[in-house]
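Shown next as structure tokens:
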């Protein structure tokens, strides 16, 4: 099975589990709607790529870690789209969860997906691996350093920009590289840099797309940073400056890959991810050459 | 340290941890506001009482389990109070989290508390205990059998009443008795009945209070079941019938306590809990005699 099939299969199993027995039908449907069809599955793909690069010694743990990470990511999208936050009517080209179902069901769907992520990790047969993955995922999702903290910064008058970006976007990429390493029995510490750099690159690419693309191409509302007056790499550095910065960060990301059996393949994956992230008209300028 | 001090101390540690380093100040404050001062701390008190009755062989695990359970409960209250659900302006006699802070911060506070609950469980030194506690807490919080499922039933046209009550109220009481047992090295299975029965009793007592008390005495909006057209024991059985049912369930709860060193003390605790739950004017009628 290729990476993408492994990820989807494990997410599907988690969703079936969430709706088994006597479960409220609408919330069950909302969970699946929130996760399927997915977007690019960037974070779990990175996680699986790192696990593979480290030998994929425990494929079930890697699959479960990837699915748990994506469930948390999907939960954050559902909550971010709520009227109290971005008030986004569309996500991945279809109505957002609160539009398709209701606001209560969107709040509950987010909560349920977060909890399911931790439940499936706890079911990994090796307790030490399960615990290590749970620690990483909780630290990178919650407070004070995870995506909740990142969103929380948006309610502050004075934003610590470094903490904001690292928590809002970087945190789940760090979780991706570290959880991939742990699933293959490696020490997560040396994998933090790669995740942090991919996260930084992703943030800048997202800022570029938010500026350069319209709502239809994005599959979600465009120009959100300007509307919500959020700090944005393009407003700070200009399009050229932001593109240059993206290029440098990706080069640093590739340089930071720890020595492992699949180092070269992993470097290739980072380049491919960068290509997919980067607005089409800038690809030549921003993606580091092989 | 008495039970109450142990519970508060561990919750305080979790809250300090959630705001340490460079954390967004308002979200940090919202987390503490959501949890402190607490209500009756009924669920963690039951958890600790079971752990004590089973010998309290791992007090740190019991303290952490109790705090994690209460964080989840507090998170559910914060989300339940949101305009999309109960639209409650007050909770525990003070403005609800979204009123005191904002709706985004209330959503994030709930999310962060859920995640922190799983993070602190993962930090329990014994991995097998940590995993067992995580499984119980996630199953009893999420979908298809936890409090999220319970809330989810309220969006259905046809409610499975048994599944609804068991998930909405019973689930965290089952978590309480089972997690207390696991923290003291016991098999959680035989502790499910006690939790389920305490949960049923709690639901009926809550229905009675919702009918008999006004908003000021409750510290939260009264008459919510009638307003939201939710199934309620009093509307089904009348005040007398509901009181009789409460009495019978508490007797069954006490009878279901598994053999353990602290059986008698635990029976006493269940009676005390019942007294605290029961509307004052009915105490004599509803609490089983010693």
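Chains as they are written, first to last, in my numbering: chain A, 424 to 713; chain B, 424 to 713. Backbone N, C-alpha and C define an ideal beta-carbon position, used for all residues, glycine too. The model shown is predicted, which means the values in this text are computed figures rather than measured ones.
Assigned with DSSP and collapsed to three states, residue 643/B falls in coil, not helix or strand. Look at the segment 577-634 of chain A and you find these whole runs of alpha helix (DSSP H), each 4 residues long or longer: 584-588, 594-606.
Among the residues facing chain B, residue 584/A is not included, as its CB has no counterpart in that chain under 7 Å away. Rounded to whole angstroms, the separation of the alpha carbons of residue 525/A and residue 581/A is 33 Å. Residue 443/B counts as exposed, since fewer than 16 other beta carbons sit within 10 angstroms of its beta carbon. Residue range 526-545 is occupied by the alpha helix (DSSP H) that includes residue 530/A. Across the set 556/B, 598/B, 563/B, the C-alpha of 556/B shows the shortest separation from the C-alpha of residue 481/B. From the listed residues 583/B, 566/B, 436/B, 684/B, the smallest Cα separation to residue 609/B is found for 684/B. Considering only beta carbons, the part of the segment 432-444 of chain B lying closer than 9 Å to chain A consists of 440, 441, 442, 443, 444, in chain order.
Residue 471/A is not a Cβ neighbour of residue 438/A, given a cutoff of 7 Å. Using a Cβ-Cβ cut-off of 7 Å, residue 626/A does not count as an interface residue toward chain B, since no Cβ of chain B sits closer than that to its own. According to the DSSP assignment, residue 454/A belongs to the alpha helix (DSSP H) that extends over 448-458.
The C-beta separation of residue 561/B from residue 542/A comes to about 4 Å, placing the pair in contact by the 8 Å criterion.
The shortest CA-to-CA distance from residue 655/A to any of 601/A, 584/A, 622/A is the one to 584/A.
Taking a C-beta distance under 7 Å as the contact criterion, residue 669/A and residue 627/A qualify as a contact pair. Among the residues of the segment 646-660 of chain B, none has a Cβ less than 8 Å away from any Cβ of chain A. With the criterion set as a beta carbon lying under 7 Å from some beta carbon of chain A, the segment 601-614 of chain B has no members that meet it. What residue 631/B touches in chain A, judged by beta-carbon distance under 9 Å, is nothing: the nearest beta carbon there is about 26 Å away. Residue 463/B is positioned such that its CB atom lies no closer than 7 Å to that of residue 602/B. Contact check for residue 503/A against residue 519/A fails: the beta carbons are separated by 7 Å or more. Secondary structure at residue 464/B: coil, using DSSP grouped into helix, strand and coil. At least 7 Å separates the CB of residue 522/B from every CB of chain A. Contact annotation: residue 619/A and residue 650/A have beta-carbon atoms that are not nearer than 7 Å.
The residue from 630/A, 529/A, 621/A, 675/A with its alpha-carbon nearest to that of residue 469/A is 621/A.
In the three-state reduction of the DSSP assignment, residue 514/B falls in the strand class.
Secondary structure of residue 428/A (DSSP, three-state): helix. Three or more Cβ pairs closer than 8 Å define a contact, and the segment 443-452 of chain B falls short of that threshold against the segment 511-518 of chain B.
Not a single C-beta of chain A is nearer than 7 Å to the C-beta of residue 622/B.
One alpha carbon belongs to residue 484/B, the other to residue 474/B, and they sit about 9 Å apart. For residue 571/A, the nearest beta carbon of chain B is closer than 7 Å to its own beta carbon. Below the 7 Å Cβ cutoff, chain A contributes no neighbours of residue 504/B, its closest Cβ being approximately 11 Å away. For residue 450/B, the residues of chain A that pass the 9 Å Cβ criterion are 566, 567, 571, 572, 574, 575, 576, 578, 579, in the order they occur in the chain.
Residues of the same chain with a CB within less than 7 Å of the CB of residue 660/A, apart from the 5 flanking positions on each side, are 668 in chain order. In the displayed model, residue 438/B falls within a helix according to three-state DSSP.
Among the residues facing chain A, residue 482/B is not included, as its CB has no counterpart in that chain under 7 Å away.
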